[in-house]
Structures are given as structure tokens and as C-alpha cells.
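Per this note's numbering, the sequence shown starts with residue 28, numbered consecutively.
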Amino acid sequence: MATGWPVTLVDGPVRLRPLRRRDGQAWLALRTANADWLEPWDATSPVPVDRPRPTFGAFVRLLAAQAREGQTLPFAVDLHGELVGQVTVSSITYGSLRSASIGYWVSRHVAGRGIIPTAVALAVDHCFQVLELHRVEINIRPENEPSLRVVQKLGFRDEGVRERYLHIRGQWCDHRSFALTAEEVPEGLLHRYHTS
């Protein structure tokens, strides 16, 4: 198994844990109920895909294999034991870069309650303190106000616009890139979030 995986991270009622196949029904129900809230930001393939979409089980197996290889950390986000979203640490790179990217989503019915800032802070601290990464970045569409509030609350540094960065709903879309290095949060991001 990769360093630091599997792991469960907890702060109050917010818990990050590995995404599991048995989450399928709840995960699919959340994604369906929140389709209009989430789909404007979901990445799509620029190349036509002429095969069926993978099942949830296949999706989780792929993420689990990537986690075992140390490439990805696919976290379910629970609130009081109920699945409410997902945080994924991806593009984990070691060597001289020691970096990763974080993506996240949360159900609209719990948005704005500090769940995702807490979850992202837990994931960042795990990346810095356990995986010993140096830099974490988050890329957000400029018009995605709820996601922009997350990085603002956490004090991520705005590094500018990446033009035509990601394919979403049939077009290449600009994203703003935000980053944080380990030196910026010596006591941990969760600590800084709670004391700011």
C-alpha cells in the first residue's frame, strides 16, 4: 500500500474516509439530486466516448488502484456519518516537485456550512505531514463562486489564470489556479483555518 493510505481523517462532525463500492447508492443519489449544482463544473472528455460509462463499482476500483499506487487519494466526505460529498487528491508527484492537486464537491443541502473548507484542510495537512508533499493546488472556474469562497477561507494564494485549462461541457475552459506550500502553514492548515 502507498504511504498514508488508507486513512480516515476527522474534525468534529466532518470525516474523510476512503470512497467504497458500498457508497454507490448514496453517491449516485447525491449526484443526481445535485446535477444542476455540480455539472457546470464537471470535467468532460474532449474526445467522443463511444462506450458505456463505467459503473460506480468500476469507478471506485480504478480510484482504489490509483490510491494503492500512491497517485490519488479518493476521499468520501461524511457529515455526522452521512455521505455529503467527495474530496480527491490527484496528480500526486514526488521527486523534486512533491505536489498534488485537490478537487472537491459537496451536496447543495449542506453547502456553506464549512464542511468542504474543513475537509480540504484535513486533506492538505495529510499531504504535507504524512505524504511529505511540498505544494498543493486547486484549480477553479472563475465563475464558480462557492468554490472560490473555499480557497479564500483557507488562504490559498491566487496564482493567476490558466487559459483553456480543462474541458467542460464541450469547451476548453479557463481556470484560476490557487496554491499553498508546506512552509505557509507550519502548524497545519486546519489549525490556521480554526484560528483565523
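The beta carbon of each residue, even a glycine, is placed where N, CA and C say it ideally should be.
Since this is a predicted model, take the numbers as computed values, not measurements.
Local conformation of residue i per DSSP, three classes
i	result
Leu-158	coil
Glu-214	coil
Gly-187	strand
Trp-199	strand
Asp-50	helix
Asp-69	coil
Asp-63	helix
Neighbourhood of residue i by C-beta distance below 8 Å, restricted to the same chain and skipping five residues each side
i	result
Thr-71	His-194, Ile-195, Arg-196, Gly-197
Phe-205	Glu-164, Ile-165, Asn-166, Ile-167, Val-178, Phe-183, Arg-184, Asp-185, Glu-186
Trp-199	Pro-73, Arg-191, Tyr-192, Leu-193
Leu-65	Arg-58, Trp-132
Inter-residue Cα distance where the pair is residue i and residue j
i	j	result
Trp-32	Ala-138	27 Å
Pro-81	Ser-128	23 Å
Glu-214	Thr-59	38 Å
Leu-100	Cys-154	10 Å
Val-37	Leu-43	6 Å
Beta-carbon contacts of residue i that lie in its chain and below 7 Å, excluding the five residues immediately before and after
i	result
Ala-29	Ala-94, Arg-95, Glu-96, Gly-97
Val-133	Val-104, Val-111, Gly-112, Ile-142, Ile-143
6 Å Cβ shell around residue i - same chain, five flanking residues per side excluded
i	result
Val-151	Val-163, Leu-216
Arg-125	Leu-160, His-161
Option nearest residue i by Cα separation, candidates the options
i	options	result
Ile-119	Leu-90, Cys-200, Val-76, Asp-77	Leu-90
Asp-105	Pro-67, Val-178, Thr-35	Thr-35
Val-177	Tyr-131, Gly-39, Pro-67	Tyr-131
Val-212	Pro-79, Glu-190, Pro-144, Gln-156	Gln-156
Pro-144	Ser-126, Ser-123, His-161, Gln-113	Gln-113
Self-check item: Runs of beta strand (DSSP E) wholly within the segment 108–170 (minimum 3 residues, chain order)
Solution: 109–120, 126–133, 162–167
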